[in-house]
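J.: Please read through the structure below; I'll follow up with questions.
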Amino acid sequence: MQGRKILITGGTGQVARPVAEALAPDNEVWCLGRFGDRTAREELEERGARTFTWDMDSGDLDGLPRDFTHVLHSAVYRGESGDFDGTVRVNSVGTARLMTHCATAEAFLYVSSGVVYDRADPTHRYRESDPLGVGAPWLPTYPVAKLAAEGVVRGLAEALALPTVIARLNIAYGPYGHGGVPMIMFREMLRGQPCAVPREGQNYCNPVHTDDIVRQVPLLWEAARTRARVVNWGGDEEVGMTDLLEYMSALTGVPVTLDRGDRSRGTAMFDHTLRRDLIGDCSVGWKEGIARTLAELFEEYRDRIDVADVPGAPVVPVVPDVSDMPVATQRSV
Ligand code: NDP
1 MQGRKILITG GTGQVARPVA EALAPDNEVW CLGRFGDRTA REELEERGAR
51 TFTWDMDSGD LDGLPRDFTH VLHSAVYRGE SGDFDGTVRV NSVGTARLMT
101 HCATAEAFLY VSSGVVYDRA DPTHRYRESD PLGVGAPWLP TYPVAKLAAE
151 GVVRGLAEAL ALPTVIARLN IAYGPYGHGG VPMIMFREML RGQPCAVPRE
201 GQNYCNPVHT DDIVRQVPLL WEAARTRARV VNWGGDEEVG MTDLLEYMSA
251 LTGVPVTLDR GDRSRGTAMF DHTLRRDLIG DCSVGWKEGI ARTLAELFEE
301 YRDRIDVADV PGAPVVPVVP DVSDMPVATQ RSV
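Just so you know, the sequence shown maps onto residues 1 to 333 in the UniProt record's numbering.
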C-alpha cells in the first residue's frame, strides 16, 4: 500500500502501533491520541508518522485534514472506572465525530471485539450472526462500549455512504504495547501471581499475531462496504488459554500457578468462514508467535527460548513489508 493518506486512532496501542509503523514509510500516516506515552509519540514520529492530539472524550478535531483515504479506528476506552454512561458516551461520540470528519474516505475500519458475543459453551465457534450480549464479568463496561460503538459505526456508514468494515478481533498479541493478553498473563506468572482459569476445562481463543494484523488491515479496507461488513478477525488456530500458559512456562522456566474459579477472562473461538473468504489465512503459528513475542519483550529469557524447537521462528520479529499490499478500491457499496 503506497501513497495513501491514512488516519489511525489507538496508534500508541498494542494493535494499531505496528500497523502505523509499517504503513508510515510509504504513505502519509496520521496517528491520533492523547499520547500520555510521550516516548511512543516520538517513536511514531521517528518512523515517519504525523501525530495529532485528540481525546475521544472532548472530541475536538479542528485543524485535522479531512481528505483521508483510509481510516483505522482502534482507540478504545474500556471503562475501567465502571462508569457505563461515560464509557458509552466516550466511545460512541468519539467514533461519530471521527466518521463524520472522514466522511469522504474510501474505507473505514473499526476494530471491535469478540467480547460482543453472548457467551455460549466454551467450545462454541461464534459466527458473525450469533446472538450478541454484554456478559464480561471481568470488565462489564467493555462489551457495552464495543456494542454501542458498533451501532454508531453501522449507522454512520450508511448515513454517510462511507464504506466500512467492523472487524471483531480475537486475542491479539505481539511485541508492542502491553503485548496482549498472553503477555499480561506472563507478567502475572513473573510476579508469582496465580493465573485465573475456569473451574473446569479451559478458555479457548484464536490468537492472532500483530504481523498478521499488519498484513490484513489493507485487506480489510478492501472489504469495506457502505452497509458495514462485520467480520470475525482472529488467528487460524484454536488454542486453550491454559495450554498457552503452560507453553510459556515450558519455554521460559517461569512456573505457572492456575487459579481455578469463576473470574477468568472469557475468550471466544471464531468461525473463520467469512474472514477466510475476505482476507485469507494467517501466516504466524501461535507457538512460533508466542516464542518470538516472549523473546522480544522479555530480554532476560531470550537466550533460554530455544527457537530451534519452534519451527520457523526468528528471535527478532520483523515488521512485515506492506508496500506491495493492494490499495483498497475506490468507494464501493
Ligand atoms: P491498548 O489498550 O493497547 O491501547 C488503547 C489505545 O486507545 C491507545 O492507543 C490510546 O491512546 C487510545 N485511547 C484510549 N482512550 C482514548 C481517548 N479517550 N482518546 C483517544 N484515544 C484513546 O488497546 P489495544 O491495542 O489492545 O486494542 C485496540 C483495539 O482492539 C481496541 O478497540 C480493542 O477494543 C480491540 N481489541 C483488542 C484486543 C487485544 O487482544 N488487544 C482483542 C479484541 C479487541 P492514547 O493513550 O495515546 O490516547
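All C-beta atoms, glycine included, are put in the ideal place defined by N, C-alpha and C.
CA-CA distance, Val88 and Arg304?
T.: Between Val88 and Arg304, the C-alpha separation is close to 45 Å.
J.: Helix or strand or just coil, what does DSSP make of Glu42?
T.: Three-state result, Glu42: helix.
J.: DSSP state of Asp60, grouped into three classes?
T.: Correct three-state label for Asp60: coil.
J.: Rounded to whole angstroms, what is the Cα-Cα separation between Ala149 and Pro163?
T.: Approximately 16 Å, taken between the alpha carbons.
J.: In whole angstroms, what separates the C-alpha of Lys5 from that of Ala223?
T.: About 18 Å.
J.: Just to confirm the assignment, what range does the alpha helix (DSSP H) spanning Trp221 have?
T.: Unbroken alpha helix (DSSP H) run through Trp221: 210-222.
J.: So who's on the other strand from Pro198, going by DSSP bridges?
T.: DSSP lists Gly261 as partners of Pro198.
J.: Which residues does DSSP list as the beta-bridge partners of Lys5?
T.: Answer by DSSP bridge pairing, in chain order: Glu28.
J.: By the three-class DSSP mapping on this structure, what secondary structure does Thr226 have?
T.: It is coil, neither helix nor strand.
J.: Can you check the stretch 158-207 for any alpha helix (DSSP H) of at least 4 residues that lies completely inside it and give the ranges in chain order?
T.: As far as the stretch 158-207 is concerned, its whole alpha helix (DSSP H) runs of at least 4 residues are 181-190.
J.: If you reduce the DSSP assignment to three classes, tell me which class Val76 lands in.
T.: Coil, per DSSP.
J.: Contact check, Ile166 vs Val181 under 8 Å by CB: the rounded distance?
T.: Going by Cβ atoms, the distance from Ile166 to Val181 rounds to 21 Å, so no, they are not a contact pair.
J.: Does the stretch 240-249 come close enough to the stretch 281-291 to have 3 or more Cβ pairs within less than 8 Å?
T.: With a cut-off of 8 Å, the stretch 281-291 and the stretch 240-249 count as touching, because enough Cβ pairs lie within range.
J.: Report the partner residues of His70 according to the DSSP bridge assignment.
T.: Paired residues: Ile6, Ala107.
J.: Can you find at least 3 beta carbon pairs, one from the stretch 130-144 and one from the stretch 172-179, that sit closer than 8 Å?
T.: At 8 Å Cβ cutoff, the stretches do not touch.
J.: How big is the Cα-Cα spacing for Ala40 and Ile184?
T.: Looking at the two C-alpha atoms, the distance is approximately 19 Å.
J.: Can you tell me whether DSSP reads Gly11 as helix, strand or coil?
T.: Gly11 falls in the coil class under three-state DSSP.
J.: Short of 8 Å in beta carbon distance, which residues of its chain neighbour Asp67, apart from the five on each side in sequence? Order them along the chain.
T.: Excluding residues within five positions, the ones whose Cβ falls inside 8 Å are Lys5, Thr104.
J.: Let me make sure I understand the geometry here. Which of Val134, Leu219, Gly174 has the alpha-carbon closest to that of Tyr117?
T.: Nearest of Val134, Leu219, Gly174 to Tyr117, Cα basis: Val134.
J.: Rounded to the nearest angstrom, what separates Thr53 and Arg229 at their Cα positions?
T.: Computed Cα separation, rounded: 29 Å.
J.: Confirm, please, whether the CB-CB distance from Leu109 to Leu72 is below 7 Å.
T.: A contact, by the Cβ cut-off of 7 Å.
J.: For Ile213 and Val76, which I take to be in contact (beta-carbon distance under 8 Å), what is that distance rounded to the nearest angstrom?
T.: No, Ile213 and Val76 are not in contact; Cβ-Cβ is about 15 Å, not under 8 Å.
J.: Using a Cβ-Cβ cutoff of less than 8 Å, which residues in the same chain neighbour Arg78 once the five nearest sequence positions on both sides are dropped?
T.: Excluding sequence neighbours, Arg78 sits near Thr87, Leu139, Thr141, Tyr142, Ala145.
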